[in-house]
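Read the structure below first, then the notes.
2 protein chains.
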Amino acid sequence: MVKRKKSFSLHIEKPTFIVNRERAIKNIARMADKAQKSGVLFRPHFKTHKSTRIGEWFRNHGVECITVSSVDMAIYFSKNGWRDITVAFPVNILEIEKINKIAQKITLNLLVESKETVLFLKENLKSRANVWIKIDVGYQRAGISWDNFNAFVPISRELSKAAHLSFQGILTYSGHSYNAKSKKEIIEIYIDTLFKMKEVQKRLKQENIQEVKLSVGDTPVCSIIDDFSDVDEIRPGNFVFYDIMQLDIGSCTEEDIAVSVACPVVAKHEERNEIVVYGGAVHLSKDSIVQKDGARIFGYIAFPDKNCWGPLIKNSYVSYLSQEHGIVKTDRKTFDRIKVGDILMVLPVHSCLTADLMKRYITLDGEIIEAAA
Amino acid sequence: MVKRKKSFSLHIEKPTFIVNRERAIKNIARMADKAQKSGVLFRPHFKTHKSTRIGEWFRNHGVECITVSSVDMAIYFSKNGWRDITVAFPVNILEIEKINKIAQKITLNLLVESKETVLFLKENLKSRANVWIKIDVGYQRAGISWDNFNAFVPISRELSKAAHLSFQGILTYSGHSYNAKSKKEIIEIYIDTLFKMKEVQKRLKQENIQEVKLSVGDTPVCSIIDDFSDVDEIRPGNFVFYDIMQLDIGSCTEEDIAVSVACPVVAKHEERNEIVVYGGAVHLSKDSIVQKDGARIFGYIAFPDKNCWGPLIKNSYVSYLSQEHGIVKTDRKTFDRIKVGDILMVLPVHSCLTADLMKRYITLDGEIIEAAA
Chain H
10 MVKRKKSFSL HIEKPTFIVN RERAIKNIAR MADKAQKSGV LFRPHFKTHK
60 STRIGEWFRN HGVECITVSS VDMAIYFSKN GWRDITVAFP VNILEIEKIN
110 KIAQKITLNL LVESKETVLF LKENLKSRAN VWIKIDVGYQ RAGISWDNFN
160 AFVPISRELS KAAHLSFQGI LTYSGHSYNA KSKKEIIEIY IDTLFKMKEV
210 QKRLKQENIQ EVKLSVGDTP VCSIIDDFSD VDEIRPGNFV FYDIMQLDIG
260 SCTEEDIAVS VACPVVAKHE ERNEIVVYGG AVHLSKDSIV QKDGARIFGY
310 IAFPDKNCWG PLIKNSYVSY LSQEHGIVKT DRKTFDRIKV GDILMVLPVH
360 SCLTADLMKR YITLDGEIIE AAA
Chain D
10 MVKRKKSFSL HIEKPTFIVN RERAIKNIAR MADKAQKSGV LFRPHFKTHK
60 STRIGEWFRN HGVECITVSS VDMAIYFSKN GWRDITVAFP VNILEIEKIN
110 KIAQKITLNL LVESKETVLF LKENLKSRAN VWIKIDVGYQ RAGISWDNFN
160 AFVPISRELS KAAHLSFQGI LTYSGHSYNA KSKKEIIEIY IDTLFKMKEV
210 QKRLKQENIQ EVKLSVGDTP VCSIIDDFSD VDEIRPGNFV FYDIMQLDIG
260 SCTEEDIAVS VACPVVAKHE ERNEIVVYGG AVHLSKDSIV QKDGARIFGY
310 IAFPDKNCWG PLIKNSYVSY LSQEHGIVKT DRKTFDRIKV GDILMVLPVH
360 SCLTADLMKR YITLDGEIIE AAA
């Protein structure tokens with residue numbers, strides 16, 4: 010057996026995704042509390058963890074309605090007793106058979122952004138489903154632009170004519186908040202989002218379409234804003250784990266980050282103060298944050314300790330990833346502290362993608378948490 | 010049922026990794042032939058496909074020795090009858106128990122790049138293993154720099170004293186060839202690699218260390234160079250599938266690319282000629298190629314046809330990926346040809362990472378190929 014730092018009780022021999030359960034539960038509790046105080050529905054996005062076990066942590070905080078990003082994920086969670094699920098992805102009409110099956114069993118919420126899809130659902134959906142119109146307030150990924158009245162008004166009229174399509178309201182995802190660099194910018198994005206969503210709501214009211222609910226939900230906005238009383242539901246996902254992208258944006262502190270990947274040190278390169286770890290793109294994902302000088306960062310590092318991991322190590326980061334290798338750049342002092350056979354904890358840039366790659370998580374007391382394949 | 014283009018016989022309803030078997034087998038045959046003509050051992054890297062079925066296609070071309078990038082992958086392939094495996098990754102001493110188990114069963118080739126690891130293996134390795142010293146000829150990822158005689162000479166001396174560690178030679182990976190932008194640059198990298206490797210060989214000979222084999226193996230070099238008679242083995246991996254990164258480098262033609270991801274079209278945005286497909290970072294990976302203007306490309310697109318997919322569609326590429334969404338930028342003419350519910354084929358930037366994410370491949374005649382988890 011190889012000796013490792015005594016403070017770390019887990020047996021690690023290859024890249025291992027560690028969840029700090031206390032921190033994750035604290036993140037859940039904080040967000041659930043915020044939603045409750047605002048009197049809005051907390052419908053967390055489960056794409057980040059994709060785990061029925063972590064779903065239970067949410068249930069313990071009163072969560073009954075959830076968001077997922079695919080029909081398969083909705084099926085997965087419906088088998089675990091979740092009965093009210095939003096698939097926050099434009100309806101993929103090629104999956105209508107699966108959609109029909111699950112719509113029979115649970116309260117299914119679908120997203121539409123074209124009249125064609127609404128007409129398709131009118132004809133092909135066999136059960137009742139709730140429908141939301143996806144609105145784009147500036148992210149420019151999916152959704153109808155908030156000022157494109159000519160597009161969303163006919164869709165909502167079409168929806169109000171279909172007996173089994175129950176029009177709920179308008180839903181947006183302000184993903185452009187990921188480009189924010191300060192709390193102030195995030196607040197501005199929320200104010201702007203709210204203004205645009207309310208404009209759509211007003212416009213629909215003029216068309217005699219009443220009771221249009223508002224759904225919002227990106228982690229930066231949901232982390233920074235405290236009062237959500239202007240909307241009906243929030244759908245953040247990433248906040249359960251957070252990551253260094255969120256730290257960089259300013260939506261969490263270092264102490265909120267609940268996951269890291271334990272990586273064995275396999276080589277050292279003294280001439281450039283670089284450490285080679287077993288932990289590459291197939292473990293961490295190639296998502297990155299860009300520094301002012303254009304250099305990309307693929308993770309921050311910390312030493313393992315009895316509380317999972319210690320503070321982020323200064324002047325140290327993952328500078329390069331290939332399929333299985335990670336290169337950690339550091340300073341001489343830290344370099345000298347690290348030996349081949351040690352474990353370094355890599356805090357991921359984007360925890361959703363890292364969790365998707367790792368699929369199996371472990372808590373510090375050894376509980377193994379399996380996520381959807 | 011939804012109508013789709015009749016020329017495409019597969020039933021696709023979600024992102025699906027398609028392998029054009031004929032192209033993959035042609036790629037294998039071409040490389041095997043090249044190795045044979047050069048009189049060198051062809052030891053392909055199986056990290057790209059991680060599939061025992063695709064391994065059989067290699068066996069049919071006389072391949073008996075393979076390369077993998079982890080001990081787990083070596084175990085996986087050893088269970089499928091592979092008896093001579095190189096783990097092309099610095100020995101991770103924390104995995105010594107697994108290494109000991111597999112070293113009993115097969116001819117295991119290990120990579121070392123520090124005296125500490127050699128001393129560890131001398132003490133802890135229970136069976137005989139072949140050992141290669143990893144040399145860095147310019148990629149600066151792992152390995153001892155080719156001119157650092159003071160580092161590799163003592164290691165090779167140490168190896169020659171250990172009865173159960175059979176020193177085979179020096180191994181390098183010229184991964185900096187991925188930054189090449191022309192065939193000429195790739196040829197220069199190979200000439201440079203060869204010069205440096207032979208310098209190391211000479212230096213070891215002066216130390217009375219004879220019969221030092223040379224192992225090289227990145228896809229760009231192995232695709233462009235025809236004569237490998239100066240080395241003992243080649244270890245390319247990506248070439249079995251190729252991808253648009255290789256196309257961009259110039260190591261393959263469009264007709265050599267053997268994989269793509271069939272993605273359903275879920276939305277269209279006329280105001281910016283953008284198509285939203287079901288196919289995101291969890292399917293394609295966030296690896297990208299950078300255009301001259303700094304914009305990132307996450308995939309090229311083609312229409313499905315009876316030969317898997319047609320030519321790359323001009324002025325069209327995946328411009329953005331989030332977890333499940335892909336954004337395809339295109340021109341008006343192409344935009345108008347595409348409908349919600351169609352299938353677009355996305356040719357990945359880096360097929361190794363896409364294959365790792367998808368794990369299950371399908372050929373055009375419906376054969377399902379499972380890869381290692």
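Heads up: the protein sequence lines correspond to chains H and D, in order. Heads up: the first sequence runs through residues 10 to 382, numbered per our numbering. Heads up: the second sequence runs through residues 10 to 382, numbered per our numbering. C-beta atoms are modelled at their ideal positions from N, C-alpha and C, and glycine is treated no differently.
Of all alpha-carbon atoms in H/Asp374, H/Leu293, H/Ile108, the one lying nearest the alpha-carbon of H/His334 is that of H/Leu293. Nearest C-alpha to H/Arg92 among H/Ile105, H/Leu117, H/Leu103: H/Leu117.
In its chain, beyond the 5 residues on either side, Met40, Ala41, Ala44, Val72, Ile243 have a beta carbon closer than 7 Å to the beta carbon of D/Phe51. The shortest CA-to-CA distance from D/Gly246 to any of D/Ser183, D/Lys301, D/Ile298 is the one to D/Ser183. In the structure shown, D/Phe51 falls within a strand segment according to DSSP collapsed to helix, strand and coil.
Its Cα nearest to that of D/Ser79, the residue D/Ile102 stands out among D/Ile102, D/Lys124, D/Ser297, D/Ala160. For H/Glu122, the chain D residues whose Cβ falls inside 8 Å of its Cβ are Ala276, in order along the chain. Assignment of D/Thr202 by DSSP, reduced to helix, strand and coil, places it in the helix class.
Among the residues of the segment 311–336 of chain H, those with a Cβ less than 8 Å away from any Cβ of chain D are Tyr329, Ser331, Gln332, Glu333, His334, Ile336, in the order of the chain.
The beta carbon of D/Ile218 is closer than 7 Å to those of Ser165, Ser169 in its chain, skipping five residues each way along the sequence.
Taking a Cβ-Cβ threshold of 7 Å, none of the residues of chain D is close to H/Thr262; the smallest such distance is about 24 Å. Counting only residues of its own chain and dropping the five nearest sequence neighbours on each side, H/Leu362 has a CB closer than 6 Å to the CB of Ser294, Asp296. Residue-level contact by beta carbon holds for D/Ser154 and chain H, with a gap shorter than 8 Å. In the three-state scheme derived from DSSP, where H, G and I count as helix and E and B as strand, D/Val127 is classed as helix. By the CB criterion at 8 Å, D/Ala267 and D/Val291 fall outside the cutoff. Contact annotation for D/Ser294 against chain H: Ala290, Ser294, Lys295 [CB-CB distance below 8 Å, chain order]. Only residues of its own chain outside the window of five on either side were considered, and among them Ser269, Trp318, Gly319, Pro320, Leu321, Ile322, Leu353, Met354, Leu356 have a CB closer than 8 Å to the CB of H/Ala311, listed in chain order. The C-alpha of D/Val274 lies about 20 Å from the C-alpha of D/Tyr370. Put simply, the CB of H/Lys110 is far from chain D, with every gap to its CB atoms at 8 Å or more. Under the DSSP definition of a beta bridge, H/Val96 partners with H/Val77.
For D/Trp141, the uninterrupted beta strand (DSSP E) run begins and ends at 138–145, by DSSP. From the listed residues H/Phe86, H/Leu19, H/Lys222, the smallest Cα separation to H/Phe55 is found for H/Phe86.
Taking 8 Å as the cut-off, the beta carbon of D/Val358 is found no closer than this to the beta carbon of D/Gly289. For D/Ile153 and D/Lys107, the gap between their C-alpha atoms comes out near 25 Å. Residues of the segment 175–201 of chain H with a C-beta less than 8 Å from any C-beta of chain D: Gly184, listed in chain order.
With a cutoff of 8 Å on beta-carbon distance, H/Ser191 and H/Ser232 are scored as not near each other. In the structure shown, D/Leu213 falls within a helical segment according to DSSP collapsed to helix, strand and coil.
The CB of D/Leu128 never comes closer than 7 Å to any CB in chain H; the least such distance is about 11 Å. Residue contact with chain H for D/Phe248: absent (no Cβ-Cβ distance below 8 Å to any residue of chain H). When C-beta distances to chain H are compared with 8 Å, every residue of the segment 201–229 of chain D stays at or above that value.
Exposed is the label assigned to H/Leu128, since fewer than 16 other Cβ atoms lie within 10 Å of its Cβ. Contact annotation for D/Val349 against chain H: Ile102, Ser123, Glu125, Thr126 [CB-CB distance below 7 Å, chain order]. Scanning its chain for C-beta atoms nearer than 7 Å, with the 5 sequence neighbours on each side dropped, one finds around D/Asp265 the residues Arg32, Asn36, Tyr251, in chain order. Contact between the segment 173–187 of chain D and the segment 123–143 of chain D is present, with at least three C-beta pairs closer than 8 Å.
Taking a Cβ-Cβ cut-off of 7 Å, the neighbours of D/Ala151 in chain H comprise Ala276, Val285, His334, given in sequence order. Within chain D, the residues whose beta carbon sits less than 7 Å from that of H/Cys361 are Gln332, listed in sequence order.
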